[in-house]
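J.: Sharing a structure here in structure tokens format.
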Amino acid sequence: MVAALVLFIGALRPNVILWTIEHQESPIGLSLIRHIDREKGRATVAVLIGERSEQRKGFALEAAAIRNDFAFGQLELRSLRATVRSENHASRGLLERAGYKLIGTAAEAGVGGSGNALVFELQRRGHERQRETAG
Ligand SMILES: CC(C)(COP(=O)(O)OP(=O)(O)OC[C@H]1O[C@@H](n2cnc3c(N)ncnc32)[C@H](O)[C@@H]1OP(=O)(O)O)[C@@H](O)C(=O)NCCC(=O)NCCS
1017 MVAALVLFIG
1027 ALRPNVILWT
1037 IEHQESPIGL
1047 SLIRHIDREK
1057 GRATVAVLIG
1067 ERSEQRKGFA
1077 LEAAAIRNDF
1087 AFGQLELRSL
1097 RATVRSENHA
1107 SRGLLERAGY
1117 KLIGTAAEAG
1127 VGGSGNALVF
1137 ELQRRGHERQ
1147 RETAG
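Numbering-wise (this note's numbering), the sequence shown opens with residue 1017 and increments by one.
Following this line, the structure appears as structure tokens:
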């Protein structure tokens, strides 16, 4: 399955990759990499655990770790960004736990988004450091 995905990505070079997150053979959420820019080595990420009874069980954190490994390993990107509303404490907490750093408001970071949108970023070096610490 992973080999098929790598072949697909190598051949078609899509700028969006979407995973379904499953638990006990039921879909509970989505993980997304979009705006994949191979020239600049960056992309935007998002995750959703839509099944509320499955939230706060570590699924989003696990999905973020898999996605980060894939983006820096297979896609060889240099940085990942996520935009969240400032009042979205769950997403902010998730991004911080996943190693992302707050770099400023959407306006300061030069990306689209509403006035209270915040931008978080994980760079390749930060990802590698985090893996070393975890390992
Ligand atoms: C944000 C979201 C994806 C988190 O999913 P989850 O599977 O419940 O998160 P996890 O169980 O993996 O939690 C990982 C960390 O995120 C933070 N977190 C998750 N839910 C939180 C909440 N309700 N309040 C505060 N922090 C929260 C915590 O730091 C948590 O670590 P901890 O449990 O050790 O304290 C989920 O709440 C969701 O889908 N929200 C709506 C969609 C959304 O805002 N997506 C983000 C777009 S970028």
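Quick reminder that beta carbons are idealized off the backbone N, C-alpha and C, glycines included. Note that the structure is a prediction, hence the values are computed from the model and not measured.
Roughly how many whole angstroms lie between the Cα atoms of Q1090 and F1024?
T.: Counting from 1 along the sequence shown, the entry for residue 1090 is found at position 74. Counting from 1 along the sequence shown, the entry for residue 1024 is found at position 8. Whole-angstrom Cα-Cα distance: 12 Å.
J.: Excluding the five sequence neighbours on either side, which residues of its own chain have a C-beta within less than 6 Å of the C-beta of G1045, listed in chain order?
T.: By 1-based counting over the sequence shown, the position of residue 1045 is 29. Contacts found: I1037, L1064, I1065, G1066.
J.: Contact defined as beta carbons within less than 8 Å: I believe G1142 pairs with G1120. What is the distance between those atoms, to the nearest angstrom?
T.: As a working mapping, residue 1142 is identified with position 126 in the sequence shown. As a working mapping, residue 1120 is identified with position 104 in the sequence shown. That belief does not hold up - the Cβ atoms of G1142 and G1120 are roughly 16 Å apart, past 8 Å.
J.: Here's the rule: buried if 16 or more other CB atoms are within 10 angstroms of the residue's CB, otherwise exposed. What is Q1139?
T.: In the sequence shown, counting from the first residue as 1, residue 1139 sits at position 123. So Q1139 ends up on the buried side.
J.: Name the DSSP bridge partner or partners of I1065?
T.: For the purposes of this step, residue 1065 is identified with residue 49 of the sequence shown, where counting begins at 1. Paired residues: G1045.
J.: Which of the three DSSP states, helix, strand or coil, is assigned to R1094?
T.: The residue you call residue 1094 lines up with position 78 of the sequence shown. Residue state, collapsed to three classes: coil.
J.: Taking a contact to mean a Cβ-Cβ separation below 8 Å, would you say D1053 touches A1059 in this structure?
T.: Locating residue 1053 in the sequence shown gives position 37, where the first residue counts as 1. Locating residue 1059 in the sequence shown gives position 43, where the first residue counts as 1. Result yes, Cβ atoms of D1053 and A1059 sit closer than 8 Å.
J.: In three-state DSSP terms, what is L1148?
T.: On the sequence shown, position 132 is the one that residue 1148 refers to. In the sequence as displayed, the identity of residue 1148 is Glu instead of Leu. Helix.
J.: Does the Cβ-Cβ distance between L1096 and A1087 come in under 8 Å?
T.: Along the sequence shown, one-based indexing puts residue 1096 at 80. Along the sequence shown, one-based indexing puts residue 1087 at 71. Contact: yes.
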